[in-house]
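One structure is given below, encoded as structure tokens.
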Amino acid sequence: MQFPLIYEPVIDRKPIVWPENKKLVVLFVLNVEYFEPDLPSTSVNPAFAGFVPDVYNYSWRDYGARVGVWRIMEMLDKHNIPATVALNAYVCQHYPRIIEEIQKQNWEIIAHGLANSQPIRSMEEKEEKETISKTIKIIEEATGYRPKGWLGPALAETWNTPRLLEEIGIEYVCDWLNDEEPYQMATPGKKLISVPYSAELNDIQCFLRGGYMAPDYLQLLKDQFDVLHQESQIRGKVMTIPLHPFVIGHPFRMKYLEQAVKHMMEKTDVWFCTASDIVRSYRAQSFVKR
Numbered sequence: 001m002q003f004p005l006i007y008e009p010v011i012d013r014k015p016i017v018w019p020e021n022k023k024l025v026v027l028f029v030l031n032v033e034y035f036e037p038d039l040p041s042t043s044v045n046p047a048f049a050g051f052v053p054d055v056y057n058y059s060w061r062d063y064g065a066r067v068g069v070w071r072i073m074e075m076l077d078k079h080n081i082p083a084t085v086a087l088n089a090y091v092c093q094h095y096p097r098i099i100e101e102i103q104k105q106n107w108e109i110i111a112h113g114l115a116n117s118q119p120i121r122s123m124e125e126k127e128e129k130e131t132i133s134k135t136i137k138i139i140e141e142a143t144g145y146r147p148k149g150w151l152g153p154a155l156a157e158t159w160n161t162p163r164l165l166e167e168i169g170i171e172y173v174c175d176w177l178n179d180e181e182p183y184q185m186a187t188p189g190k191k192l193i194s195v196p197y198s199a200e201l202n203d204i205q206c207f208l209r210g211g212y213m214a215p216d217y218l219q220l221l222k223d224q225f226d227v228l229h230q231e232s233q234i235r236g237k238v239m240t241i242p243l244h245p246f247v248i249g250h251p252f253r254m255k256y257l258e259q260a261v262k263h264m265m266e267k268t269d270v271w272f273c274t275a276s277d278i279v280r281s282y283r284a285q286s287f288v289k290r
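If you're matching positions, the sequence shown starts at 1 in UniProt numbering and goes up one per residue.
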């Protein structure tokens, strides 16, 4: 067992400098997921978790595929903002129309497991490696693109996950919530990069667990952005905004997300980019240690 991290306090690190004199990265990660109705292992409302089929939770999630994702796409497209799509592989089979639109938008796709009802946290190494490989294969066959990044279903990992991702050829992982800058994971090959993700800004955490109202979410995003933007004048930062179409995609929430986007766009030194853009810039600055 090898813990995949080395402690590096932010004050001891060389500052990151983003391209074209940008100071703060804003990264939208759109979780496009599929839940199997007969495997309700991660039900949003646990009162129905034992039901098969789990109509309540399945249809709640399915709203995101039918309605919510299109509302998000329209808003981001209107403001010419790219997204990084964390994609369950089974979306390719069940929601092919979404795949068509993602490709039309030219957004980046990262692998997000087979389905969110199949977390990898309890898998033995052989099964986990097969699951990761199958996920990548399905996405690549459906899109013609081999994902460079990984976000585990429910951000779950085993002790083997970072090493297996690196061995399979994944360049970066978004499971770790512990930084506002990319960093190198302590994997055997020293090739895997952690791209910042966020529990605090995650719409599931805010609305379904934290009980936030939509105006509270707007203020949260604005406050986070304002402080990070100020700090980023000294060292480059990343503000990741995880979104789930079945949560944020409702009209009464989208209204406030768009207001937050407009607030961020007022600053000219903000870089709206994909996760791979972040990794390329990080590597180009020779932060990776051998």
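No residue lacks a Cβ here, since even glycine has one placed at the ideal position from N, Cα and C.
Just curious, the alpha helix (DSSP H) that residue i is in, first and last residue?
i	result
Val227	Ala214 to Glu231
Lys191	It is not in any alpha helix (DSSP H) - Lys191 carries neither H nor E in the DSSP assignment.
Ala142	Glu125 to Thr143
On a Cα-Cα basis, can you pick out the residue from the options that is closest to residue i?
i	options	result
Val29	Lys134, Thr131, Glu141 and Leu151	Leu151
Gln230	Leu24, Ile11, Pro19 and Pro182	Leu24
Met239	Leu27, Asp38, Lys78 and Glu258	Leu27
Ser59	Pro37, Arg71 and Met75	Pro37
Ile170	Glu180, Asn178, Val195 and Leu177	Val195
Tyr212	Arg121, Tyr256 and Tyr56	Tyr256
Phe35	Asn88, Phe51, Arg13 and Met75	Asn88
Lys14	Leu192, Gly236 and Asp179	Gly236
Asn80	His94, Pro96, Glu100 and Trp107	Trp107
Ile16	Ala154, Asp216 and Ser232	Ser232
Asn116	Ile98, Ile99 and Ala154	Ala154
Met73	Asn202, Arg97, Gln93 and Tyr56	Arg97
Ser122	Ile99, Trp159 and Tyr95	Trp159
Leu192	Leu208, Arg163, Leu218 and Glu258	Arg163
Pro215	Glu258, Met75 and Tyr197	Glu258
Compute the Euclidean distance between the alpha carbons of residue i and residue j, then round it to the nearest angstrom.
i	j	result
Glu166	Gly189	7 Å
Val91	Ile139	9 Å
Lys22	Thr143	31 Å
Asp62	Val279	32 Å
His112	Cys174	10 Å
Arg253	Gly64	13 Å
Thr131	Gly249	29 Å
residue 298	Ile102	Summary: the structure shown does not reach residue 298, with the chain confined to residues 1 through 290, and so no result is reported for it.
Tyr172	Thr135	15 Å
Leu114	Gln105	23 Å
Phe225	Pro53	41 Å
Arg283	Phe51	47 Å
Gln2	Lys78	45 Å
Ile234	Asp269	13 Å
Ser133	Gln285	30 Å
Tyr56	Leu208	15 Å
Determine, using beta carbons only, whether residue i and residue j come nearer to each other than 8 Å.
i	j	result
Val32	Val85	yes
Glu20	Tyr183	no
Gly149	Ser276	yes
Leu177	Ala199	yes
Leu243	Glu180	no
Glu127	Thr161	no
Leu218	Cys206	no
Ile204	Val247	yes
How is the beta strand (DSSP E) around residue i delimited, first residue to last?
i	result
Ala111	Glu108 to Ala111
In chain order, each alpha helix (DSSP H) run of at least 4 residues that lies wholly inside the segment 237-282: 245-248 and 251-265
Alpha helix (DSSP H) segments (min. 4 residues) lying fully within the segment 32-100: 55-63, 69-78 and 91-94
Unbroken stretches of the alpha helix (DSSP H), 4 residues or longer, contained in the segment 147-186: 161-168
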